[in-house]
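J.: Heads up: the sequence shown at position 108 corresponds to 266 in the numbering used here, and the numbers run straight through without jumps. Backbone N, C-alpha and C fix where the C-beta goes; we use that ideal spot for every residue, glycine too.
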Amino acid sequence: YTVADSVTVMTRLGPLLLAILPLGTPRPIARHMVVEITPATDKLIELDAFVSGVHNCTIKTLPAVGSLYQLSDNYMNYKYTPWKGLTIAADDVVRVETNCTIVYEAPLDFSATRFTYTVNNGSGGLSSTGIVDLLKADRIMQYSNFTFNDESWKVITAVTKDVCWSSTAITGNLNHYIYNCNMEKTLMQDNTARWYFKAPAGFHRNLANVFNGTVEFDLAGFEGYFTEEKLYETPSTFIYLGCSTCNSGEGLYIAQRNVTFDGSAMHFKFRLNDNPYNGWRRDPFDIELSEWPLTTNCEIVEVLSGLDVIHIFADVSESEEIVGIDDFVFTGGPSSTYIPNTCYSDVDVAP
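1) May I ask which residues mark the beginning and end of the alpha helix (DSSP H) holding residue 458?
2) Bridge partners of residue 438, per DSSP?
3) Where DSSP assigns a beta bridge to residue 194, which residues make up the other side?
4) Below 7 Å CB to CB, which residues in the same chain sit around residue 358 once its five sequence neighbours on both sides are set aside?
5) From residue 481 to residue 263, what does the alpha carbon distance come to, in whole angstroms?
6) For residue 186, count the other beta carbons within 10 Å of its own beta carbon; 16 or more makes it buried, fewer makes it exposed. Which is it?
7) Report the start-end ranges of each alpha helix (DSSP H) in the segment 208 to 241 that is 4 residues or longer and not cut off at the edges.
8) Using 8 Å as the cut-off, can you tell me whether the segment 404 to 415 makes contact with the segment 479 to 494, which would need three or more C-beta pairs spanning the two stretches below that distance?
9) For residue 249, which residues from the same chain have a beta carbon less than 8 Å from its beta carbon, with the 5 sequence-adjacent residues on both sides left out?
10) Verify whether the separation of the beta carbon atoms of residue 372 and residue 464 is less than 8 Å.
11) Any chance you could list the alpha helix (DSSP H) runs of at least 4 consecutive residues sitting entirely within the segment 327 to 408, in chain order?
12) Would you tell me roughly how many angstroms separate the C-alpha atoms of residue 332 and residue 190, rounded to the nearest one?
13) Let me check understanding here. Comparing Cα to Cα, which of 267, 266, 274 lies closest to residue 260?
14) Assuming residue 430 and residue 368 make a contact with CB atoms under 8 Å, what is their CB distance in whole Å?
15) Is the segment 319 to 329 close to the segment 223 to 235, with three or more CB pairs under 8 Å?
16) Taking its Cβ as the centre, do 16 or more other Cβ atoms sit within 10 Å of residue 419, making it buried, or is it exposed?
17) Which one or two residues does DSSP pair with residue 256 in a beta bridge?
18) Look at the Cβ atom of residue 197, then the Cβ atom of residue 268, and state whether they are nearer than 8 Å.
19) Can you tell which of 184, 425, 314, 478 has its C-alpha closest to the C-alpha of residue 381?
20) Is it the case that the Cβ atoms of residue 204 and residue 258 are separated by a distance below 8 Å?
21) Ignore the nearest five residues each way along the sequence and tell me which others in residue 457's own chain have a CB closer than 7 Å to its CB.
22) Going straight from the alpha carbon of residue 272 to that of residue 365, what length do you get?
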């Protein structure tokens, strides 16, 4: 039995040993994160890896605009500029001894973009994929401002209908906006089913970094009977966000249900965390319950991670009404925001 034999045995057992070693070690987490970017500048980014001991980070996908770079020898050794070293390609490992720090070079015409990464610890434990959203100072992640057209929004009644688009300012902050039109009933008739605005598929992506951020929009009623006796009583669903594939395919949905809209021009802004003051409720799938349970932070993150349902119930009265909507926006959470580590254990949050 020689040294060479020992090497052969260890080589063959290596993958098995790596699989066994992490059993008592927490799985590393490649945390999702938001980084504010100034156009035409370089930005040092330390990837938010939650891991103990020796580890490395791998860039999995590249940003659609701009470029990623390794740290230069000059900066690593002496903290002198330039920061940028070699260009990073997909599946490149970030240089060791940099604490997973890289450089993003933003173009002059920078717009929001993202890249992804993973973390591997010294015991062979591999994280799920972390998303790094690169945003301007306004931290806008997704929006519709209807500047040129209706951006494929729809109105849902008993059937799906096209919206109408207008560039004529009428009231409040609405200037380029959409509104429900061609409704089958007259304003004097009562509803048989509530109608709502439905956001297009362009919003259907992982928006986990909106956690602790906001969803906001402007509404104004153009026609209708918004009198107290005609308005629906609360609780009544006003905004409904959902992930139809979450919860093992059963779906997970959250809503605002204690909102009053009386037809006047109003700006609505809701912060996406589980503070009861912010009012998010989880759909219990029970039509007998009017008081829905409060949601949790991890449920909110889960919905945002698989977001494919966005409904705005501008139908707030028992009669038909014409309502316009403008500037629908999701913004990332403030710089102090961290998605709780416990949320990353859900496969919907950490793909």
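T.: Concretely, from the data shown:
1) 455 to 463
2) 414
3) 293
4) 309, 310, 311
5) 43 Å
6) buried
7) 231 to 236
8) no
9) 216, 217, 218
10) no
11) none
12) 34 Å
13) 274
14) 6 Å
15) no
16) buried
17) DSSP, once it has assigned bridges, lists no residue as partnering residue 256.
18) yes
19) 478
20) yes
21) 410, 412, 440
22) 11 Å
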